[in-house]
Every structure is written in C-alpha cells, then in structure tokens.
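Single-structure report; data block below.
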Amino acid sequence: MLKPATILAAFLCAGSTALAGAIPQPGDFYLISRDRGGHFVGSHKLFTDYAHGLNKVSYCERSYFVRSHSVAWTQVESERGNTVQVEFNFGRGWRPICGNPEQQVKLEDIGITVSARDLLAESDEPSAPQSRLSAIGAMFSNTSEEGHATYHTH
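Residues -20 to -1, 1 to 134 in mature numbering (1 follows the signal peptide of the UniProt record, and there is no 0) are what the sequence shown lists, from first letter to last.
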C-alpha cells in the first residue's frame, strides 16, 4: 500500500511544480504582444539561465536565453501590426522595459535560415510530444529487455 501512496504523492508534487512553472512569477521577463488598443495578444517567456534548446540573445543590451520559435513569433506578431515588447513582471503588473525586440534579434542572428512563418509551422519539440502521465509512467516501466509477465521475478 505504501508504494501506490508514494507514486501518488510524487505525481501530485510533479503536477503542482509543472503548473507553478507555467504561471508568470514576479521577476519573470516575457516577450509580450499587444494589439493597437494595448490589449494582451500573446507572450513568450525569456529565460535568464541557459537550458538545452535556448539561444543567447540581447534585447536593449541585456542578455536573455530564448527559443528560436520566440524570435520567429516576434517577427510575425510585428507583421500583424501588434506591438511586441520585453516586459518585466514586478508582482503587481507588467512593466515594459525594451521595445522593438523583432528589430534587435532576427532568425539569421541565431543561425536560422527559414522564414519566421515556416519555423512557427514546425514543431518546437525535437521529438514527439509526450503527456505528463506518459512521462511519469515511463519512469516506473521496466526498461530491461527481459519483460516479466507479472510483478514477480523468477
């Protein structure tokens, strides 16, 4: 009985951590797109630390790490007539800190030669997407080549 309870606790902790990472927190930097009326259209997160798949860029003389899809997105949003800015979440709202990021970093600057629209049409993931439940299940699966028909070993 202890094993299922442990698995459930791990799942709940992983779920709440993943959810917390998706919610903008004070201190976060985002590329924010707003329409002509100033209303929010969309956003992409800017990272202050390197992670696999991110590119180092500079907006208004400050370094960030960003996905290539985010750079393409700034270009497409600008073409649509929206205003794109780097904005900072200071806990009680958003403060614009850098304008025109689409003019400061282009896809060519990060080694991408396809158009912004073509890049956005491609998957952002290097492999097939996997649900959270599938990822958790894979952690507990038997990875040896010798499968067992039951939980009992020989």
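Just so you know, even glycine gets a beta-carbon here, dropped at the ideal spot from N, CA and C.
What number of angstroms, rounded off, separates the C-alpha of residue i from the C-alpha of residue j?
| i | j | result |
| --- | --- | --- |
| Arg97 | Pro4 | 26 Å |
| Arg42 | Tyr30 | 14 Å |
| Tyr39 | Asn80 | 9 Å |
| Arg60 | Arg16 | 10 Å |
| Ser13 | Val94 | 22 Å |
| Lys86 | His19 | 25 Å |
| Glu67 | Asn35 | 19 Å |
| Gly73 | Leu26 | 17 Å |
| Asp104 | Gln84 | 22 Å |
| Arg75 | His32 | 28 Å |
| Glu82 | Thr28 | 19 Å |
| His132 | Trp53 | Residue placement at His132 is flagged as unreliable, the pLDDT there being 44, under the threshold of 50; a coordinate-derived value is accordingly withheld. |
How would you label residue i, buried or exposed, when you count the other beta carbons within 10 angstroms and need 16 or more for buried?
| i | result |
| --- | --- |
| Glu102 | exposed |
| Gln55 | buried |
| Phe9 | buried |
| His24 | buried |
| Glu88 | exposed |
List the whole-angstrom C-beta distance separating residue i from residue j, where the pair is believed to meet the contact cut-off of C-beta under 8 Å.
| i | j | result |
| --- | --- | --- |
| Ile92 | Ser48 | 6 Å |
| Pro6 | Phe70 | 6 Å |
| Val37 | Asn62 | Going by Cβ atoms, the distance from Val37 to Asn62 rounds to 20 Å, so no, they are not a contact pair. |
Does the distance from the C-beta atom of residue i to that of residue j stay below 8 Å?
| i | j | result |
| --- | --- | --- |
| Val64 | Leu99 | no |
| residue 136 | Ile90 | This structure gives no information on residue 136, because the portion of the chain shown stretches from -20 to 134. |
Next item on the list: Please specify which runs of the beta strand (DSSP E), each continuous and at least 3 residues long, are wholly inside the stretch 23 to 110, giving them in chain order.
Entry: Taking 3 residues as the shortest admissible run, the stretch 23 to 110 contains the following complete beta strand (DSSP E) segments, listed from N- to C-terminal end: 35 to 39, 42 to 46, 63 to 69 and 74 to 79.
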